[in-house]
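Encoded as structure tokens, the structure appears first; notes follow it.
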Amino acid sequence: MSFKFCSLFSGSSGNSSYIGTDKTHILIDAGLSGITIEKSLKEVDLDASMLNGILITHEHDDHIRGAGILSRRHDIPIYANVETWEAMKDKIGSIKSRNIRVFENDMDFYIKDINIQPFDIPHDAVAPVGFCFFNKGKKISIVTDLGHTNSRIINTVMDSDLVVLEANHDLEMLRGGSYPPYLKKRIMGRKGHLSNEDAGLALVKMIKGKLTHVLLAHLSEKNNIPQLAYETVTEVLEENGIRDGKDIVVGMTYRDKVSNFYQIG
Ligand SMILES: [Zn+2]
Ligand SMILES: [Zn+2]
Numbered sequence: 145m146s147f148k149f150c151s152l153f154s155g156s157s158g159n160s161s162y163i164g165t166d167k168t169h170i171l172i173d174a175g176l177s178g179i180t181i182e183k184s185l186k187e188v189d190l191d192a193s194m195l196n197g198i199l200i201t202h203e204h205d206d207h208i209r210g211a212g213i214l215s216r217r218h219d220i221p222i223y224a225n226v227e228t229w230e231a232m233k234d235k236i237g238s239i240k241s242r243n244i245r246v247f248e249n250d251m252d253f254y255i256k257d258i259n260i261q262p263f264d265i266p267h268d269a270v271a272p273v274g275f276c277f278f279n280k281g282k283k284i285s286i287v288t289d290l291g292h293t294n295s296r297i298i299n300t301v302m303d304s305d306l307v308v309l310e311a312n313h314d315l316e317m318l319r320g321g322s323y324p325p326y327l328k329k330r331i332m333g334r335k336g337h338l339s340n341e342d343a344g345l346a347l348v349k350m351i352k353g354k355l356t357h358v359l360l361a362h363l364s365e366k367n368n369i370p371q372l373a374y375e376t377v378t379e380v381l382e383e384n385g386i387r388d389g390k391d392i393v394v395g396m397t398y399r400d401k402v403s404n405f406y407q408i409g
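Position 13 of the sequence shown, counted from 1, bears residue number 157 in the numbering used here, the numbering being contiguous throughout.
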């Protein structure tokens with residue numbers, strides 16, 4: 145009986161994570177094709193037909209591409225807030241009315257034995273959210289696609305056992321890279337994405353809780369390198385007296401492959 149998590153893939157090219165218990169199986173976002181997601185689930189011995197729900201953080205394509213197909217093919221409910229439903233409904237195609245589920249930010253709800261708390265995050269989508277998940281005293285949180293952190297977000301996730309946190313870009317790579325100026329500005333903006341350094345600084349605050357595992361997520365393909373993200377974050381942690389492998393375990397998610405499979409509790 146444990147709380148399970150893995151990232152199927154993560155990055156600007158597409159995002160989807162699995163969270164589950166023995167009874168319950170949930171996807172968070174479905175940002176690549178239905179077939180790709182089904183294949184990734186098979187790698188961790190799961191079948192898409194077992195899914196009890198697909199939760200959507202926000203309507204950007206890298207989070208919703210496969211959601212409609214999976215819902216139609218396997219009769220899976222999709223959960224999003226009303227603003228996100230409005231923004232994504234034309235992109236994901238027709239969904240059976242019984243599979244259209246609406247949550248409210250800051251109002252928790254259950255899918256079977258998993259309690260879910262959606263909370264606002266600052267990002268340039270209509271009503272983007274992060275999620276906290278609870279089962280048997282354990283807590284897993286997902287916070288990606290946010291331009292900055294604030295004390296409300298830190299407090300919301302800080303007593304998690306595992307946090308999936310965005311480390312989107314290296315600032316120097318982004319500044320010196322090939323993206324057009326408007327896009328660089330968007331990514332660096334208050335409603336854009338967290339840099340590696342931002343992620344490290346956020347973690348220093350979060351770690352004051354019982355946090356033991358963090359997974360770095362949503363890495364940019366063009367403006368980041370996994371090793372650089374890892375090194376920047378662990379350097380910021382070390383500067384603050386926090387050691388990887390001792391005080392916290394820093395893990396990675398990948399753009400094109402499934403992460404480690406975590407079992408908590
Ligand atoms: Zn986004
Ligand atoms: Zn995204």
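Quick reminder that beta carbons are idealized off the backbone N, C-alpha and C, glycines included. On a predicted model such as this, the values are computed, not experimentally measured, just so you know.
Which residues does DSSP pair with Tyr-254 in a beta bridge?
Asn-259
Using 8 Å for Cβ pairs, my map puts Arg-334 next to Gly-291. What's the rounded Cβ distance?
4 Å
DSSP puts Gly-108 in a beta bridge; with which residues?
Because the chain spans 145 through 409 in this model, residue 108 falls outside it and cannot be assessed.
Cα separation between Leu-327 and Gly-321?
11 Å
With a cut-off of 8 Å on the beta carbons, I'd call Val-394 and Leu-360 a contact; round off their distance for me.
7 Å
Entirely enclosed beta strand (DSSP E) segments - the region 196-221, minimum 3 residues
197-199
Could you please give the first and the last residue of the uninterrupted beta strand (DSSP E) stretch that includes Ile-284?
282-287
At a cut-off of 6 Å, is His-204 close to ligand 2 when judged by its beta-carbon and the heavy atoms of the ligand?
Closer than 6 Å to some heavy atom of ligand 2: that describes the Cβ of His-204.
Of all the options Leu-176, Lys-148, Ser-161 and Ser-146, which has the alpha carbon lying nearest to the alpha carbon of Val-287?
Ser-161
Alpha carbon to alpha carbon, how far is Phe-253 from Phe-247? Give it in angstroms, no decimals.
8 Å
Taking just the CA atoms, how far does Ile-170 sit from Ser-157?
21 Å
Of the residues Asp-268, Glu-203, Ser-238 and Val-348, which one's Cα is nearest the Cα of Ile-213?
Ranked by how close their Cα comes to the Cα of Ile-213, the residues Asp-268, Glu-203, Ser-238 and Val-348 have Ser-238 in first place.
Which residue or residues does DSSP assign as beta-bridge partners of Gly-395?
The partner list for Gly-395 (beta bridge, DSSP) reads Leu-359.
Length of the line joining the Cα atoms of Asp-219 and Thr-378:
42 Å
Would Val-308 pass as a contact of Leu-152 if the rule is Cβ separation under 7 Å?
Remark: C-beta atoms of Val-308 and Leu-152 do not approach each other more closely than 7 Å.
In this structure, how does DSSP classify Glu-310 when only helix, strand and coil are distinguished?
strand
Does the Cβ of Asp-410 lie closer than 6 Å to at least one heavy atom of ligand 2?
Outside the shown range of the chain (145 to 409) lies residue 410, about which nothing can therefore be said.
Within 10 Å of its beta-carbon, does Ile-179 have 16 or more other beta-carbons around it, so buried, or fewer, so exposed?
exposed
As a quick exercise: from Lys-280, Met-317, Lys-233 and Phe-263, pick the residue whose alpha carbon is nearest that of Lys-167.
The alpha carbon of Lys-167 has as its nearest neighbour, out of Lys-280, Met-317, Lys-233 and Phe-263, the alpha carbon of Lys-280.
To which residues of the same chain is Ser-177 closer than 8 Å at the C-beta, ignoring the five residues directly before and after it?
Arg-209, Gly-210 and Ile-213
Lys-240 to Asp-206 span [Cα, whole Å]:
23 Å
If we ignore side chains and look at the alpha-carbon of each, how far apart do Asn-433 and Arg-330 end up?
With the chain covering 145 to 409 only, the question about residue 433 has no answer from this structure.
Buried or exposed: where does Phe-115 fall if 16 or more other Cβ atoms within 10 Å of its Cβ makes it buried?
Absent from the structure is residue 115, since the part of the chain shown begins at 145 and ends at 409.
Can we say the region 187-194 touches the region 253-262, given the rule of at least three CB pairs closer than 8 Å?
In this structure the region 187-194 does not touch the region 253-262; the number of beta carbon pairs closer than 8 Å is below three.
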